[in-house]
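Colleague: Here it is: the structure, laid out below.
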Amino acid sequence: MKILSELDRNSRIPYTILGKRVRLSKQAVKVRVDKLLSSGVITSFKAFINMRRLGFTPNKIFISFQNISESKRQEIINYLVERETIGAVTLFDSSYDLYFGVITRTPGDLDAELSAFYNKFADNIRERKIIALIDAMILPRDYLLNTPRELQPRQKTFHTQTKPLEELKETDQQILEVLNCYPTLPFTDIAKKIGHSVQTVLNRVKYLEKMGVINGFGMLLNETIFIQYMLLLELNSPSKEVIDKLMAFFSTNPQVAVVIKTMGDWDYEVCIEGRDLAHCQEVIDQFRIKFSPYLRSFFPLLVKKMAKMSYMPMKKE
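Add 1473 to the 1-based position in the sequence shown for the numbering used here, that's all there is to it.
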C-alpha cells in the first residue's frame, strides 16, 4: 500500500526515490509496480492537464438507457470510447447507466458532438443530464494507509481558468499529447518521440507545471478492488457557510478522492473511494446525516468501470 500511496501522489516518481521511501531496492520497486499493473490493481497512470488553460470546455452528460440489449449497450460504449473529443466514459450500477465527458472549445462544437450521438442512439436514451464542470480537485488517497488527512491536504486542481489562455508552442503541444497517452514515459523517450533534446523537454514541462497547465501525475485504481462511488449533490442554498462546511468535510475525510464544482442539475460531484463497500457506505451515511438539512437532492452512483479517462482530446495514432 505504501507504493500505491507514493504513486498516487506522483506517478512519475523515480524508482530510486520511491525505493528509498519504501525501503526497497530500485529493482524490487520496479518488480512490484509492474505487478500492480499486470494484475490490474492499477488500471492506468494519468497526467492531470488543465484543459481550460488550453481553451477547452469540459462537460459531462449523464445517460439512462431504455429498450436496450447488451450488444447495443456495448455498441454505445465503444462509440464513445473511440471518439477523439470524448475524454471520459464511466459506467455505473445505479440510476444512471453512464456518463461521458465531452472536450470542446465552443458551444457549437458541443452541440455538434451531442447531436451526432443523439441522432445515432436516440431510441435507447431514456434520460440525459448535461453538466458543466467549473473546477475540480484531486485529493490524496490517504485511506490506502489508514492515515488521518492533513488539515490542508496537498491537492491537484484542474479545470480552473483564472489566467489568460496559455498559447502553446508546438513543442508544448507535442509534449502534452505524449504525456496524455504515456504519463510515465521517461523524458529521454519523450525527447526521442518529438525530436527535441532532453533538456528542452525538461524545461518545457517545468514551464507547463509553473503555468498550471500540468497539475501533477496520478493513477486510476481497479474499481472491482477499490470501491468507488460518485455522489451527485444539489444544495438547497449554496451559501458560503454551507460550502465551507462541505469543503471541511471533504478535505479532512481520507476516503474523499475527488471534488468537482459543477453547474447544472447538481452543484457538486464527489468521488468516495474505499477498500471495501462497507467503508464507502459508512462515509456516505455520515455525509447524508450531517448534511441532509442542506441537500435538495442526493444521488450516490456506484462506479462499475472507468472505460476511458483523458484530460485533452486524444488523437488517433
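The beta-carbon is built from N, C-alpha and C at its ideal position, and this holds for glycine as well. This structure is a prediction, so every number in the text was calculated from the model and none was measured.
#1: Alpha carbon to alpha carbon, what distance is there between P1786 and L1652?
#2: Answer with buried or exposed for N1551, where buried requires no fewer than 16 other C-beta atoms within 10 angstroms of its C-beta.
#3: Determine the extent of the alpha helix (DSSP H) in which Q1701 is found, giving its start and end residues.
#4: Let's test the definition: count the other Cβ atoms within 10 Å of the Cβ of I1490 and tell me whether it reaches 16, buried, or not, exposed.
#5: Give me, in chain order, the residues of the same chain whose beta-carbon lies closer than 8 Å to that of V1756; leave out the 5 immediate sequence neighbours on both sides.
#6: When you compare each of V1504, I1541, F1565 and A1501 to F1772 by their alpha carbons, which one comes out closest?
#7: Where does the unbroken beta strand (DSSP E) through V1674 begin, and where does it stop?
#8: Give the single residue among E1714, Q1500, R1599 and D1738 whose Cα lies nearest to the Cα of L1704.
#9: How far does the alpha helix (DSSP H) with Y1552 in it extend, from its first residue to its last?
#10: Using C-beta distances below 6 Å, list every residue in its chain close to N1483, excluding the 5 sequence neighbours before and after it, in chain order.
#11: Can the beta-carbon of I1476 be found closer than 8 Å to that of N1532?
#12: List the endpoints of the continuous alpha helix (DSSP H) containing K1493.
#13: According to DSSP, simplified to helix, strand and coil, what is D1584?
#14: Going along the chain, which residues of its own chain have a beta-carbon closer than 8 Å to the beta-carbon of K1593, five neighbours each way excluded?
#15: Grab me the residues of G1492's own chain with a C-beta within less than 8 Å of its C-beta, minus the 5 sequence neighbours each way, in chain order.
#16: Using alpha carbons as the reference points, say which of L1774, E1643, Y1784 and R1485 lies closest to L1706.
#17: Can you check whether the CB of V1671 is closer than 8 Å to the CB of T1661?
#18: Name the DSSP bridge partner or partners of I1533?
#19: Compare the beta carbon distance of F1538 and R1601 with 8 Å and say whether it is the shorter of the two.
#20: Can you pull the DSSP bridge partners for M1736?
#21: Between S1588 and F1529, what straight-line distance do the alpha-carbon atoms span, to the nearest angstrom?
#22: Closest by CA to F1521, which one among L1571, Y1572 and E1650?
#23: Starting from E1479, trace the beta strand (DSSP E) both ways and give me its first and last residue.
#24: With H, G and I counted as helix, E and B as strand and the rest as coil, what does DSSP make of Y1591?
#25: Since M1474 and L1618 should fall inside the 8 Å C-beta cutoff, what is the C-beta to C-beta distance between them, to a whole number of angstroms?
#26: Under the three-state reduction of DSSP, which class applies to M1785: helix, strand or coil?
#27: What did DSSP end up calling R1761 once you bin it into helix, strand or coil?
#28: Does DSSP classify E1640 as helix, strand or coil?
#29: Below 8 Å between beta carbons: does that hold for N1695 and V1514?
#30: Once DSSP output is grouped into helix, strand and coil, what is the label at S1770?
#31: I'd like to confirm the pairing. Which residues does DSSP put opposite V1562 in its beta bridges?
#32: What does DSSP give as the partner residues of I1648 in its beta bridges?
#33: Helix, strand or coil: how does DSSP classify Y1741 here?
Modeller: In terms of the structure at hand:
#1: Along the sequence shown, one-based indexing puts residue 1652 at 179. Along the sequence shown, one-based indexing puts residue 1786 at 313. Cα to Cα, L1652 sits roughly 12 Å from P1786.
#2: Against the sequence shown, residue 1551 aligns to sequence position 78. Classification for N1551: exposed.
#3: Locating residue 1701 in the sequence shown gives position 228, where the first residue counts as 1. Here Q1701 belongs to no alpha helix (DSSP H); instead the beta strand (DSSP E) covers I1700 to L1708.
#4: One-based indexing of the sequence shown puts residue 1490 at position 17. The residue is exposed, with fewer than 16 neighbouring Cβ atoms inside 10 Å.
#5: For the purposes of this step, residue 1756 is taken as the residue at position 283 of the sequence shown. The residues are N1726, Q1728, V1729, I1745 and G1747.
#6: Translated into the one-based positions of the sequence shown, residue 1772 becomes position 299. Checking every option, the nearest Cα to that of F1772 belongs to F1565.
#7: Counting from 1 along the sequence shown, the entry for residue 1674 is found at position 201. No beta strand (DSSP E) contains V1674, which is instead part of the alpha helix (DSSP H) from V1671 to K1683.
#8: Against the sequence shown, residue 1704 aligns to sequence position 231. For L1704, the nearest C-alpha among the options comes from D1738.
#9: Against the sequence shown, residue 1552 aligns to sequence position 79. Taken as a continuous stretch (DSSP letters only), the alpha helix (DSSP H) holding Y1552 covers E1543 to E1555.
#10: Translated into the one-based positions of the sequence shown, residue 1483 becomes position 10. Within the same chain, N1483 has close Cβ partners F1690.
#11: By one-based count along the sequence shown, residue 1476 stands at place 3. By one-based count along the sequence shown, residue 1532 stands at place 59. Cβ atoms of I1476 and N1532: not closer than 8 Å.
#12: Along the sequence shown, one-based indexing puts residue 1493 at 20. Y1488 to V1495 is the span of the alpha helix (DSSP H), which, as asked, contains K1493.
#13: What you label residue 1584 is simply residue 111 of the sequence shown in a count that begins at 1. The answer is helix: DSSP assigns D1584 an H, G or I state.
#14: Stepping through the sequence shown from its first residue, residue 1593 is reached at position 120. If we look at K1593 and ignore the five residues flanking it on each side, its Cβ neighbours are Y1552.
#15: Translated into the one-based positions of the sequence shown, residue 1492 becomes position 19. So the qualifying residues of the chain are S1498, K1499, A1501 and V1502.
#16: Stepping through the sequence shown from its first residue, residue 1706 is reached at position 233. Comparing Cα-Cα distances from L1706 to each of L1774, E1643, Y1784 and R1485, the minimum goes to L1774.
#17: Here residue 1661 refers to the residue found at position 188 of the sequence shown. Here residue 1671 refers to the residue found at position 198 of the sequence shown. Less than 8 Å separates the beta-carbon of T1661 from that of V1671.
#18: Here residue 1533 corresponds to residue number 60 of the sequence shown, with the count starting at 1. The residue asked about is misnamed: residue 1533 is Lys in this sequence, not Ile. Per DSSP, G1574 and I1604.
#19: In the sequence shown, counting from the first residue as 1, residue 1538 sits at position 65. In the sequence shown, counting from the first residue as 1, residue 1601 sits at position 128. No, these two residues do not count as a Cβ contact at 8 Å.
#20: Start at 1 with the first residue of the sequence shown, and residue 1736 comes out as number 263. In DSSP, M1736 forms a bridge with A1605.
#21: Position 115 of the sequence shown, counting from 1, holds the residue named residue 1588. Position 56 of the sequence shown, counting from 1, holds the residue named residue 1529. Approximately 19 Å, taken between the alpha carbons.
#22: Within the sequence shown, numbered from 1, the residue matching residue 1521 stands at position 48. Minimum Cα distance to F1521 is reached at E1650.
#23: Sequence index remark: in the sequence shown, residue 1479 carries index 6 (1-based). First-last for E1479: K1475 to R1482, but that is the alpha helix (DSSP H), not the beta strand (DSSP E).
#24: Locating residue 1591 in the sequence shown gives position 118, where the first residue counts as 1. Three-state DSSP puts Y1591 in a helix.
#25: For this step, residue 1474 is matched to residue 1 along the sequence shown. For this step, residue 1618 is matched to residue 145 along the sequence shown. That pair is a contact at about 6 Å.
#26: Mapped onto the sequence shown, residue 1785 falls at position 312. Residue state, collapsed to three classes: coil.
#27: Against the sequence shown, residue 1761 aligns to sequence position 288. R1761: helix per DSSP, three-state reduction.
#28: Along the sequence shown, read from residue 1 onward, the residue named residue 1640 stands at position 167. E1640: coil per DSSP, three-state reduction.
#29: Reading the sequence shown from its first residue, position 222 is the one you call residue 1695. Reading the sequence shown from its first residue, position 41 is the one you call residue 1514. For N1695 and V1514, yes; Cβs fall inside 8 Å.
#30: For this step, residue 1770 is matched to residue 297 along the sequence shown. The three-state reading of DSSP puts S1770 in strand, counting E and B together.
#31: Reading the sequence shown from its first residue, position 89 is the one you call residue 1562. Its beta-bridge partners are F1573 and K1781.
#32: As a first step, residue 1648 must be located in the sequence shown, where it is residue number 175. Beta-bridge partners of I1648 (DSSP): none assigned.
#33: The residue you call residue 1741 lines up with position 268 of the sequence shown. Three-state DSSP puts Y1741 in a strand.
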